[in-house]
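Visitor:
In mature numbering (1 follows the signal peptide of the UniProt record, and there is no 0), the protein residues as written are -24 to -1, 1 to 546.
1) In or out: residue 583 buried (at least 16 other Cβ within 10 Å) or exposed?
2) Is residue 528 helix, strand or coil when you go by DSSP?
3) Taking 8 Å as the CB-CB limit, is residue 57 close to chain C?
4) Along the alpha helix (DSSP H) that carries residue 419, what are the first and last residues, could you check?
5) Ignore the nearest five residues each way along the sequence and tell me which others in residue 417's own chain have a CB closer than 6 Å to its CB.
6) Residue 581 by DSSP, collapsed to three states: which one?
7) Hey, how far is the Cα of residue 532 from the Cα of residue 235?
8) Let me confirm a value: residue 39 is counted as buried when at least 16 other C-beta atoms fall within 10 Å, else exposed. Which label applies?
9) For residue 374, is the classification buried or exposed, using 16 other Cβ atoms within 10 angstroms of its Cβ as the cut-off for buried?
10) Is there contact between the segment 12 to 28 and the segment 175 to 187, where contact requires at least three CB pairs shorter than 8 Å?
11) Grab me the residues of residue 487's own chain with a C-beta within less than 8 Å of its C-beta, minus the 5 sequence neighbours each way, in chain order.
12) Can you list, in chain order, the residues of its chain whose CB lies under 8 Å from that of residue 546, leaving out five sequence neighbours each side?
13) What span of residues does the alpha helix (DSSP H) with residue 101 cover, start to end?
14) Closer than 6 Å by C-beta to residue 525: which residues in its own chain qualify, once you throw out the five before and the five after it? Chain order, please.
15) With DSSP run on the structure shown, which of helix, strand or coil describes residue 218?
16) Near residue 134, which residues of its chain fall below 7 Å by C-beta distance, leaving aside the five closest residues on each side in sequence?
17) Considering only residues of the same chain and omitting the five flanking positions on each side of residue 146, which have a CB-CB separation below 7 Å?
18) What do you get for residue 425, buried or exposed, if any count of 16 or more other CB atoms within 10 angstroms of its CB means buried?
19) How long is the line joining the alpha carbons of residue 400 and residue 298, rounded to whole angstroms?
20) Could you spell out where the alpha helix (DSSP H) holding residue 316 opens and where it closes?
21) Note down, in chain order, each residue of its chain lying with its Cβ closer than 7 Å to the Cβ of residue 404, except the 5 sequence neighbours on either side.
22) Just list the alpha helix (DSSP H) runs in the segment 136 to 207, keeping only unbroken ones of 4 residues or longer that don't cross its boundaries, in chain order.
23) Name the DSSP bridge partner or partners of residue 464?
24) I'd like the ranges of any alpha helix (DSSP H) spanning at least 4 consecutive residues and lying wholly in the segment 443 to 529.
25) Can you tell me the Cβ-Cβ gap for residue 301 and residue 239, rounded? I've got them flagged as a contact below 8 Å.
26) Should residue 412 and residue 436 be called a contact, given that it needs their Cβ atoms to be closer than 8 Å?
27) Would the segment 303 to 322 and the segment 198 to 216 be scored as touching if the rule is three or more Cβ pairs under 8 Å?
28) So, using beta-carbon positions, are residue 477 and residue 408 closer together than 8 Å?
29) On a CA-only basis, which of 119, 279, 306 and 270 is nearest residue 257? Give me that one, please.
30) Can you tell me which of 353, 192, 481 and 221 puts its alpha carbon nearest to the alpha carbon of residue 203?
31) Less than 8 Å between the CB atoms is what I'm expecting for residue 470 and residue 505, so what's the real figure, rounded?
32) Tell me which residue opens and which closes the alpha helix (DSSP H) that residue 389 is part of.
33) Kindly indicate which residue of 120, 82, 326 and 192 has the alpha-carbon position closest to the one of residue 102.
34) Exposed or buried, which one is residue 75 when buried takes at least 16 other CB atoms within 10 Å?
35) Can you look up residue 286 in the DSSP assignment and give me helix, strand or coil?
36) Determine the direct distance from the alpha carbon of residue 270 to that of residue 228, and round the result to whole angstroms.
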């Protein structure tokens, strides 16, 4: 499952199921605490970084006239993050953060310039610099925050891969994938905001109420980002407009699904109809601008004004007066003004105003997220108040460990176990026998067939038999399986794709022969499996666009792959 999808699933679970929480002084769950406010602020800054970085990379490659102003907005975002670090950890930490964070933005710029010039050596140098940044920055931030360095490094690796991937797909004109990766990259940044806010403010930053607010932070701010891009792409007649608009529509569907999970299908449908209409009115405004039709522009603004009244009344009624209609209507006017001002300024080539309005508009969306989440929590407090049952925690897999969200659900289902009662050994190599067992258990496979392998003991015999019968593995020879040998990443890709095909009852055909930087190291018999694993986002490369096919996979990596296999195939 993609990270964005995980955020949406967790949001749905928060809304639908009672979970544990840390209560306010009156024992009522709330989204208005200092800890939750800190998290919301970091949500805004980290996700805005991804949005602005991706946008600036595209504009730099295209030579767009507002590139410098987009970069300046990105630099202002860095200053905001720096001040957040200063407030928590002091001046020295803030200065170190600012330098390192600014450097990594510079390395992305280097990659864009190298791509535009067709300089592969410079591209590799930029990726190498980003790889070194990942190691240095994760160590430094871990030192001041206490967050796991390994978890931070893995998160940074994914951030780098997503931004480079989104840019690469854009350059190759695969705009659907470029915007999907943009969405994933923005969603991913809610992970570090959660970790850092918890490290600074404690568990009060990670209550179910906080999760709800953070989920709405993502959906509403992404709406603004995509709408801003769509209006610019629309007036320019850009090739990526259709993909941009499709992603904006998907965001609307996700917002509507969230509303439906609280207020029922009819409520979700009413929300979607209203929300979609206001997007349509912005499109009308863009078309009227292109046609220089002042009357049509005013008509679009009038439609938006009516939408404000209708939508505000809808939310007021749905929440039982917890969202004041008049106040929401005023906030919606601010939203309209910010998008229209950013667009009009873009048309007028006042690019400084464009990006000032863009940053203001992006930040504004966190206000309705607070308003809506607060109303829902107040309206349905029981959803957020039941104590969460104690869950076994491994000493070497703390809650903030990068793979914790994959490991513990699989442990709970009996798919994987620790090496002892208290230890999981996430960094140890996973063997071929262990990985086959993980796959067979998550798929709930059984078989009574005899296997030809003479080296498989009773420990894994049932699981290997089931996998062999399903065509997931054929062993390393006719009589040998080597269950105790560590599995390499390319072997893992082959097994997991065969499992996916068995599960979905269809052969998976890749759409392209993707070229990793270390493509030559991938054994020919595994190449199509590696490409399929990448396309399905079950296994992807790391920093430097390397797959590392001959590297042994770890137990933590195996847990993630099996978790994502289950979510993708099912």
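Every residue gets a Cβ at the ideal spot worked out from N, C-alpha and C, and that includes glycine. Just so we're clear, the structure is a prediction, and the values are computed from it rather than from any experiment.
Guide: So, from the listed chains and residues:
1) The structure shown does not extend to residue 583, since the chain is modelled only from -24 to 546, so the question has no answer here.
2) Looking up residue 528 in the chain shown gives position 552. Note: residue 528 maps to strand in three-state DSSP.
3) Of the chains in the structure shown, none is chain C; there is only one protein chain.
4) Indexing the chain shown from 1 puts residue 419 at position 443. Here the alpha helix (DSSP H) through residue 419 covers 408 to 419.
5) Translated into the one-based positions of the chain shown, residue 417 becomes position 441. Result list for residue 417: 391, in chain order.
6) With the chain covering -24 to 546 only, the question about residue 581 has no answer from this structure.
7) Position 556 of the chain shown, counted from the first residue, corresponds to residue 532. Position 259 of the chain shown, counted from the first residue, corresponds to residue 235. Looking at the two C-alpha atoms, the distance is approximately 35 Å.
8) Locating residue 39 in the chain shown gives position 63, where the first residue counts as 1. It counts as exposed.
9) Locating residue 374 in the chain shown gives position 398, counting from the first residue. Residue 374 comes out exposed.
10) yes
11) The count along the chain shown starts at 1 and reaches residue 487 at position 511. Correct list, in chain order: 511.
12) What you label residue 546 is simply residue 570 of the chain shown in a count that begins at 1. The residues are 479.
13) Position 125 of the chain shown holds residue 101. 96 to 121 is the span of the alpha helix (DSSP H), which, as asked, contains residue 101.
14) In the chain shown, residue 525 corresponds to position 549, counting from 1. So the list reads 465, 466, 497 and 498, once near-sequence residues are dropped.
15) Counted from its first residue, the chain shown places residue 218 at position 242. In this structure, residue 218 counts as helix in the three-state DSSP scheme.
16) The count along the chain shown starts at 1 and reaches residue 134 at position 158. 164, listed in sequence order.
17) If you number the chain shown from 1, residue 146 lands on position 170. Answer for residue 146: 34 and 154, listed in chain order.
18) On the chain shown, residue 425 is found 449 positions in, with the first residue counted as 1. Exposed, because fewer than 16 other Cβ atoms sit within 10 Å of the Cβ of residue 425.
19) In the chain shown, the residue the question calls residue 400 occupies position 424. In the chain shown, the residue the question calls residue 298 occupies position 322. Spanning the two alpha carbons is a distance of roughly 46 Å.
20) Reading the chain shown from its first residue, position 340 is the one you call residue 316. Its alpha helix (DSSP H) spans residues 301 to 323.
21) As a first step, residue 404 is located in the chain shown; it is residue number 428 there, counting from the start. Result list for residue 404: 530 and 531, in chain order.
22) 151 to 164 and 166 to 177
23) As a working mapping, residue 464 is identified with position 488 in the chain shown. For residue 464, which the question treats as bridged, DSSP gives the partners 528.
24) 465 to 480 and 503 to 511
25) The residue labelled residue 301 in the question sits at position 325 within the chain shown. The residue labelled residue 239 in the question sits at position 263 within the chain shown. Actually they do not touch by this definition, with Cβ atoms about 16 Å apart.
26) As a first step, residue 412 must be located in the chain shown, where it is residue number 436. As a first step, residue 436 must be located in the chain shown, where it is residue number 460. A contact, by the Cβ cut-off of 8 Å.
27) yes
28) Taking the first residue of the chain shown as 1, we reach residue 477 at position 501. Taking the first residue of the chain shown as 1, we reach residue 408 at position 432. No.
29) Position 281 of the chain shown, counted from the first residue, corresponds to residue 257. Answer by Cα proximity: 279.
30) Taking the chain shown and counting its residues from 1, the one referred to as residue 203 is at position 227. The option with the nearest alpha carbon to residue 203 is 221.
31) For the purposes of this step, residue 470 is taken as the residue at position 494 of the chain shown. For the purposes of this step, residue 505 is taken as the residue at position 529 of the chain shown. Right, their Cβ atoms sit about 4 Å apart.
32) Counting from one through the chain shown, the residue named residue 389 turns up at place 413. Premise fails: residue 389 is in no alpha helix (DSSP H) and is neither H nor E.
33) In the chain shown, residue 102 corresponds to position 126, counting from 1. Checked all of 120, 82, 326 and 192; the closest Cα to residue 102 is 82.
34) Mapped onto the chain shown, residue 75 falls at position 99. Residue 75 is exposed by the Cβ-count criterion.
35) The count along the chain shown starts at 1 and reaches residue 286 at position 310. If DSSP states are grouped into helix, strand and coil, residue 286 belongs with the helices.
36) Counting from one through the chain shown, the residue named residue 228 turns up at place 252. Counting from one through the chain shown, the residue named residue 270 turns up at place 294. If you take the alpha carbons of residue 228 and residue 270, they lie about 28 Å apart.
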